[in-house]
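**Q** Residue numbers (the numbering used here): 14 to 306.
1) Enumerate in chain order the residues of its own chain whose CB-to-CB distance from residue 158 is below 8 angstroms, with the five nearest sequence positions on each side excluded.
2) What does the Cβ neighbour count give for residue 123, buried or exposed, with the cut at 16 atoms within 10 Å?
3) What residue does the beta strand (DSSP E) around residue 216 start on, and which one ends it?
4) With DSSP as the reference, please indicate the residues paired to residue 103 in a beta bridge.
5) For residue 234, tell me which candidate among 221, 216 and 240 has the shortest Cα-Cα distance.
6) If we count the other Cβ atoms within 10 Å of its Cβ and call it buried at 16 or more, is residue 291 buried or exposed?
7) Would you call residue 232 buried or exposed, if buried means 16 or more other Cβ atoms sit within 10 Å of its Cβ?
8) Would you call the CB atoms of residue 297 and residue 267 closer than 8 angstroms?
9) By how many angstroms is the C-alpha of residue 261 removed from the C-alpha of residue 249?
10) At which residue ranges does the segment 123-171 contain complete alpha helix (DSSP H) runs of 4 or more residues, listed in the order of the chain?
11) In this structure, does DSSP put residue 119 in helix, strand or coil?
12) How would you call residue 101, buried or exposed, if buried means at least 16 neighbouring beta carbons within 10 angstroms?
13) Do the segment 140-149 and the segment 200-220 touch if we need at least three Cβ pairs shorter than 8 angstroms?
14) Do residue 244 and residue 294 have their C-beta atoms within less than 8 angstroms of each other?
15) Quick one: grab the DSSP three-state call for residue 64.
16) If you compare alpha carbons, which of 167, 201 and 191 is closest to residue 227?
17) Quick check: the Cα distance between residue 28 and residue 21, rounded to an integer number of angstroms?
18) Got a sec, what are the start and stop residues for the beta strand (DSSP E) residue 249 sits in?
19) Tell me, to the nearest whole angstrom, how far the beta carbon of residue 202 is from that of residue 183; I am working on the premise that it is less than 8 angstroms.
20) Give me the DSSP bridge partner(s) of residue 308.
21) Closest by CA to residue 110, which one among 222, 25, 163 and 197?
22) Does the distance from the CB of residue 288 to the CB of residue 237 come in under 8 angstroms?
23) Could you pull the start and end residues of the beta strand (DSSP E) that residue 262 belongs to?
24) Please tell me whether residue 32 and residue 25 are closer than 8 angstroms, where the distance is taken between their beta carbons.
25) Looking only at C-alpha atoms, which of 115, 16 and 106 sits nearest to residue 154?
26) According to DSSP, simplified to helix, strand and coil, what is residue 190?
27) At what residues does the beta strand (DSSP E) containing residue 93 begin and finish?
28) CA-CA distance, residue 93 and residue 17?
This is the structure we're talking about:
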């Protein structure tokens, strides 16, 4: 069941109209409709608000959230598939987008899907270039015909599927409001990005995030490490309750604090754990939080 389907069910079980839910969350009714029809998902602050309002855990809201990655109701799209049969390092430069959803799967093709409900000429306005260079694949998306980054960031969704058995290191540059990485197994993912919202679900390996914006990160599972590099930023990362992890703040004037159920609490990291959360940079703060719901 997708997030949208779950939201519709729990809203109706609570006897609440879309208008009433929108009022409680401080959003428009159109936003609720968009979420419930899988035309989009709320940002992390609204996911947290839904969790609190209906007493449903974030894990439960977002678990089994695989179908949302390929919704069928986009009006315009461009799809590219490329066969590979060898272990590869991926270097991707994607430019601007509203949402990036990248996932691993059991197959042998690189799949790239550009989708929008408003950019009717996207097949002509975006060029995807794939260069296969021995043990590396370069994947670049460029804009044409006067298409601006502002246009892309307001209306373009990028879906990328990579074959898990052939993924080495992934280097990815993208400016997107929302980033989701799901079911991906690799040595390391290095993200150079400007994003506010990120979901990590079923990611195995090291995730390194270079971003100087304040971020909200939902980490539904931790199997490896998340390394956050920031300058003058304050970010938050959610971990499921009882996740074992070590945490370290490195750099100049960086700090890590902890919250549970919306309240400040003592450190609940475990210095002997194999999984790690690390903050690097200058004058930055990271809040690690969890919920008992």
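Think of the CB as a built atom: it goes at the ideal place given N, C-alpha and C, for glycine as much as any other residue.
**A** So, to answer that:
1) If we look at residue 158 and ignore the five residues flanking it on each side, its Cβ neighbours are 134, 137 and 138.
2) Buried, because 16 or more other Cβ atoms sit within 10 Å of the Cβ of residue 123.
3) Per DSSP, residue 216 belongs to no beta strand (DSSP E) and is neither H nor E.
4) When DSSP reads this structure, residue 103 sits in a beta bridge with 150 and 183.
5) Nearest option by C-alpha distance: 216.
6) When all chains shown are included, residue 291 counts as buried.
7) Classification of residue 232: buried, given that the 10 Å Cβ count is 16 or more.
8) Yes.
9) Looking at the two C-alpha atoms, the distance is approximately 14 angstroms.
10) List check, alpha helix (DSSP H) in window: 135-138 and 162-168.
11) Coil, per DSSP.
12) The C-beta of residue 101 has 16 or more other C-beta atoms within 10 Å across all chains shown, which makes the residue buried.
13) Taking a cut-off of 8 angstroms for Cβ pairs, the segment 140-149 and the segment 200-220 do not touch, as fewer than three such pairs fall below it.
14) In terms of Cβ geometry, residue 244 and residue 294 form a close pair [threshold 8 angstroms].
15) In the displayed model, residue 64 falls within a helix according to three-state DSSP.
16) Out of 167, 201 and 191, 191 has the C-alpha closest to the C-alpha of residue 227.
17) The alpha-carbon atoms of residue 28 and residue 21 are separated by roughly 11 angstroms.
18) Taken as a continuous stretch (DSSP letters only), the beta strand (DSSP E) holding residue 249 covers 247-251.
19) Taking a contact as a CB-CB distance under 8 angstroms, the pair residue 202 and residue 183 counts as one, their CB atoms being some 5 angstroms apart.
20) Because the chain spans 14 through 306 in this model, residue 308 falls outside it and cannot be assessed.
21) When 222, 25, 163 and 197 are compared, the shortest CA-CA separation from residue 110 is found for 163.
22) Result yes, Cβ atoms of residue 288 and residue 237 sit closer than 8 angstroms.
23) Where residue 262 is concerned, the enclosing beta strand (DSSP E) stretches over 259-262.
24) The answer is no: Cβ separation not under 8 angstroms.
25) Closest in C-alpha terms to residue 154, from the list 115, 16 and 106, comes 106.
26) Here residue 190 carries a strand assignment [DSSP, helix/strand/coil].
27) Here the beta strand (DSSP E) through residue 93 covers 89-96.
28) Spanning the two alpha carbons is a distance of roughly 27 angstroms.
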